[in-house]
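Novice: Going down the list, the protein sequences come from chains A and B.
Numbering-wise (the numbering used here), the first sequence opens with residue 6 and increments by one.
Numbering-wise (the numbering used here), the second sequence opens with residue 270 and increments by one.
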Amino acid sequence: MDGRPVLVSTEAEDPTADLVVAELNRRRVPVLRFDPGRDFPARATLAASITADGWSGRLTAGKRTADLSGVRALYHRRPNPYTPESDHQADRFAAQENRRGLNGVLGALRGCLYLSHPQAIARAEYKPAQLSVASGLGLPIPATLITNNPAEAEQFAAAQPTIYKPLHAGAYHVDGEPAGIWAAPVEPGEITDAVSVCAHLFQARVSKSGDVRAVVVGDRVFCALITAPPGVLDWRSEYRNLTYEPVDCPGPVRAALLRFLGEFGLRFGAFDFAVTPEGEWWFLECNPNGQWAWLEHVAGLPITSAIADLLENGVTE
Amino acid sequence: MVTASELVPVAPWGMGRMVPLRNGEPSQWQYAGLDPATQTGLWFGEDGTMTPAELGKHGTSVGTYPPTQVGKDGKVDGDSGHDATKD
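1) Taking just the CA atoms, how far does VAL211/A sit from ALA229/A?
2) Can you list the residues of chain B that THR197/A reaches, using a CB-CB cut of under 9 Å?
3) Starting from ARG218/A, follow the beta strand (DSSP E) in both directions and report where the run begins and ends.
4) To the nearest angstrom, report how far apart ARG9/A and GLU157/A are at their CA atoms.
5) Taking 9 Å as the CB-CB cut-off, is GLN297/B touching chain A?
6) Going by other Cβ atoms of all chains shown within 10 Å of its Cβ, with 16 needed for buried, is ALA52/A buried or exposed?
7) Using the rule of at least 16 other Cβ atoms within 10 Å of the residue's Cβ for burial, across every protein chain shown, is VAL11/A buried or exposed?
8) With 7 Å as the limit, tell me which residues of the region 288 to 308 of chain A have their beta carbon closer than that to any beta carbon of chain B; keep them in chain order.
9) Taking the C-alpha atoms as reference points, what is the distance between VAL320/A and LEU118/A?
10) ALA17/A versus chain B: which residues are under 8 Å apart at the beta carbon?
11) On the three-state DSSP scale, how would you describe ILE146/A?
12) Thinking just about the alpha-carbon of each residue, which of CYS254/A, ASP19/A and SER14/A is nearest to the one in GLN296/A?
13) Is GLN208/A helix, strand or coil by DSSP?
14) Within the same chain, show all residues whose beta-carbon is closer than 6 Å to that of ASP304/B, passing over the 5 residues directly before and after it, in chain order.
15) State the beta-bridge partners of PHE278/A as determined by DSSP.
16) Are the region 99 to 107 of chain A and the region 54 to 61 of chain A in contact at 8 Å, needing three or more beta carbon pairs?
17) Considering PRO183/A, what are the terminal residues of the beta strand (DSSP E) in which it resides?
18) Is it the case that the region 151 to 169 of chain A contacts the region 292 to 311 of chain A, given that we only count it when at least three CB pairs across the two stretches are under 8 Å?
19) Starting from the Cα of LEU290/B, find the closest Cα among SER242/A, VAL280/A and VAL258/A and give me that residue.
20) Determine the DSSP secondary structure at SER137/A, reduced to helix, strand or coil.
21) Would you mind telling me which residues of chain B sit closer than 7 Å to VAL203/A, beta carbon to beta carbon, in chain order?
22) List the endpoints of the continuous beta strand (DSSP E) containing TRP60/A.
23) Kindly list the residues whose CB is nearer than 8 Å to the CB of ARG225/A, restricted to its own chain and excluding five residues on each side of it in sequence; keep chain order.
24) So, are the CB atoms of ALA95/A and LEU315/A less than 9 Å apart?
25) Contact criterion: CB-CB distance below 9 Å. Does VAL277/B meet it with respect to chain A?
26) Just checking: is the beta-carbon of ASN30/A within a distance shorter than 9 Å of some beta-carbon in chain B?
27) What in chain A is Cβ-close to THR307/B, meaning under 8 Å?
28) Taking a contact to mean a Cβ-Cβ separation below 9 Å, would you say PRO46/A touches HIS81/A in this structure?
29) Relative to the C-alpha of PRO321/B, which residue among THR21/A, GLY42/A and LYS68/A is closest?
30) So what's ILE151/A in DSSP terms, helix, strand or just coil?
31) List the whole-angstrom C-beta distance separating ALA174/A from GLY347/B, where the pair is believed to meet the contact cut-off of C-beta under 8 Å.
32) DSSP state of GLN299/B, grouped into three classes?
33) Going along the chain, which residues of its own chain have a beta-carbon closer than 7 Å to the beta-carbon of ALA279/A, five neighbours each way excluded?
34) Using a Cβ-based criterion (distance less than 8 Å to any ligand heavy atom), does SER91/A qualify as near the ligand SAH?
35) Starting from TRP299/A, follow the alpha helix (DSSP H) in both directions and report where the run begins and ends.
36) For THR318/B, which of helix, strand or coil comes out of DSSP?
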């Protein structure tokens, strides 16, 4: 039996990670779960040394210990960042040293399969990079303008039906309530000088009959057609009123998705497509660490098992 | 001279489109810590029973937050992880 552990790097309250850990438990794969940004150094201990064969030594969290030279895989889910406990210089120093030290060692384990490597995820979060790669792979993408020039924005919005969406979906609040910005139509008359305050992303609106979320795990592609009520542009705004249907991924799209992951060094991606009435799939964006558990449930896609397969098998070549 | 009002940043145009999410129900499950034996979370249901998150096995699915779902206590687990801003 393979006794090499899988490290699961995530916050404590993460039911999605629970599903994967439970599946690994069923398969008798040893798991060490921890949250580097929270557990270290109070509840976790690191002693790592470099050898000709790479990093060796031990990581201990709670009652479990992992031999760093024999880590099978690292599942990077929702770890807390290395945040200083205060603005004090000593806390900022410690946070940076933890990030470069612990995170640095965890990102440099030889023979470890990363799902996915945190730096690959960070790089792939950039929508401009995604659009460039997707278009280079032959996927249709909407005309896109990123600008801080109100006149350019107005001209773009006048040229075709246009939407605005933020380049990064952060956690914001309005009057203490969780808030966000849905992708939504823009009329040229709505553009004001406030566009000059920062970069803004405008995109041609794709005339669509539905949406697809394609979840890629290794070389397996799981797709669900998502149908929102009429007039809803951003399906995320209408969770309670969506229908789901598992669908096959067209061959050329599948090939492009696998190459997309390859370009960014990812082993997972949650892609959003707009599907036209003619059945053409338009690339909208990729969430390199996107959500999938709800889709497994509503569309019957065996994603937990596919993720556990990758983690259990580790590096195979 | 700098006045206090000049120190308030001008809101970008895109921020004017921000709205409360209100796109899901708060979870009926309450997190009660990690089980050291299984390394999975323990969740209290409305009826007081404690259970691990297992898809389709308990008639509900604490593990099925949609992206950008509002959790209890206003917690949001979106499509991007906490480290998406660090590179």
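Ideal Cβ placement from N, Cα and C applies to all residues, glycine included.
Specialist: Taking the structure as given:
1) Here residue 229/A refers to the residue found at position 224 when the first sequence is read from its first residue. Here residue 211/A refers to the residue found at position 206 when the first sequence is read from its first residue. Cα to Cα, the separation comes out at about 19 Å.
2) Translated into positions along the first sequence, residue 197/A becomes position 192. Those are TRP282 and GLY285, listed as they occur along chain B.
3) On the first sequence, position 213 is the one that residue 218/A refers to. Its beta strand (DSSP E) spans residues 215 to 222.
4) Taking the first residue of the first sequence as position 1, residue 9/A is located at position 4. Taking the first residue of the first sequence as position 1, residue 157/A is located at position 152. Cα-Cα distance, rounded: 56 Å.
5) Looking up residue 297/B in the second sequence gives position 28. With 9 Å as the cut-off, GLN297/B does not count as an interface residue toward chain A.
6) Taking the first sequence and counting its residues from 1, one reaches residue 52/A at position 47. That one is exposed.
7) What you label residue 11/A is simply residue 6 of the first sequence in a count that begins at 1. Label assigned to VAL11/A: buried.
8) ASN292, ASN294, GLY295, GLN296, ALA298, TRP299, GLU301 and HIS302
9) The residue labelled residue 320/A in the question sits at position 315 within the first sequence. The residue labelled residue 118/A in the question sits at position 113 within the first sequence. Each residue's Cα considered, the two are about 5 Å apart.
10) Locating residue 17/A in the first sequence gives position 12, where the first residue counts as 1. Within chain B, the residues near ALA17/A are TYR300, GLY302, LEU303 and GLY310.
11) Indexing the first sequence from 1 puts residue 146/A at position 141. Residue state, collapsed to three classes: coil.
12) What you label residue 296/A is simply residue 291 of the first sequence in a count that begins at 1. Checking every option, the nearest Cα to that of GLN296/A belongs to ASP19/A.
13) The residue you call residue 208/A lines up with position 203 of the first sequence. GLN208/A falls in the strand class under three-state DSSP.
14) Locating residue 304/B in the second sequence gives position 35, counting from the first residue. Closer than 6 Å at Cβ, skipping near neighbours: LEU311.
15) Numbered from 1 along the first sequence, position 273 holds the residue referred to as residue 278/A. Answer is VAL217/A and PHE288/A, bridged to PHE278/A.
16) When Cβ pairs closer than 8 Å are counted between the two stretches, the region 99 to 107 of chain A is seen not to touch the region 54 to 61 of chain A, the count staying below three.
17) In the first sequence, counting from the first residue as 1, residue 183/A sits at position 178. Here the beta strand (DSSP E) through PRO183/A covers 182 to 185.
18) no
19) Taking the first residue of the second sequence as 1, we reach residue 290/B at position 21. When each option's Cα is compared against that of LEU290/B, the closest is SER242/A.
20) In the first sequence, the residue the question calls residue 137/A occupies position 132. Note: SER137/A maps to helix in three-state DSSP.
21) Along the first sequence, one-based indexing puts residue 203/A at 198. The sequence as given places Cys at residue 203/A; Val does not occur at that position. Going along chain B in sequence order, the residues near CYS203/A (Cβ under 7 Å) are PRO281.
22) Taking the first residue of the first sequence as position 1, residue 60/A is located at position 55. Segment 59 to 66, the beta strand (DSSP E) holding TRP60/A.
23) Taking the first residue of the first sequence as position 1, residue 225/A is located at position 220. Once the five neighbours on either side are set aside, the close Cβ partners of ARG225/A are ALA311.
24) If you number the first sequence from 1, residue 95/A lands on position 90. If you number the first sequence from 1, residue 315/A lands on position 310. No, they are not a contact pair.
25) In the second sequence, the residue the question calls residue 277/B occupies position 8. No, VAL277/B lies away from the interface with chain A (no Cβ there is under 9 Å from its Cβ).
26) Within the first sequence, the letter at position 25 stands for residue 30/A. Answer yes: the Cβ-Cβ gap between ASN30/A and chain B drops below 9 Å somewhere.
27) On the second sequence, position 38 is the one that residue 307/B refers to. Correct list: VAL26, ALA27 and ASN30.
28) For the purposes of this step, residue 46/A is taken as the residue at position 41 of the first sequence. For the purposes of this step, residue 81/A is taken as the residue at position 76 of the first sequence. No, these two residues do not count as a Cβ contact at 9 Å.
29) On the second sequence, position 52 is the one that residue 321/B refers to. Nearest of THR21/A, GLY42/A and LYS68/A to PRO321/B, Cα basis: THR21/A.
30) Taking the first sequence and counting its residues from 1, one reaches residue 151/A at position 146. Residue state, collapsed to three classes: strand.
31) Here residue 174/A is taken as the residue at index 169 of the first sequence, counted from 1. Here residue 347/B is taken as the residue at index 78 of the second sequence, counted from 1. With 8 Å as the limit, ALA174/A and GLY347/B qualify as a contact, their Cβ atoms being about 5 Å apart.
32) Within the second sequence, residue 299/B is the residue found at index 30, counting from 1. Three-state DSSP puts GLN299/B in a strand.
33) Here residue 279/A corresponds to residue number 274 of the first sequence, with the count starting at 1. Correct list, in chain order: VAL211, LYS213, ASP216, TRP287 and LEU289.
34) Ligands displayed in this structure: none; no statement on the ligand SAH is therefore possible.
35) Start at 1 with the first residue of the first sequence, and residue 299/A comes out as number 294. Per DSSP, TRP299/A belongs to the alpha helix (DSSP H) from 298 to 304.
36) The sequence position of residue 318/B within the second sequence is 49, counting from 1. The answer is coil: DSSP assigns THR318/B none of H, G, I, E or B.
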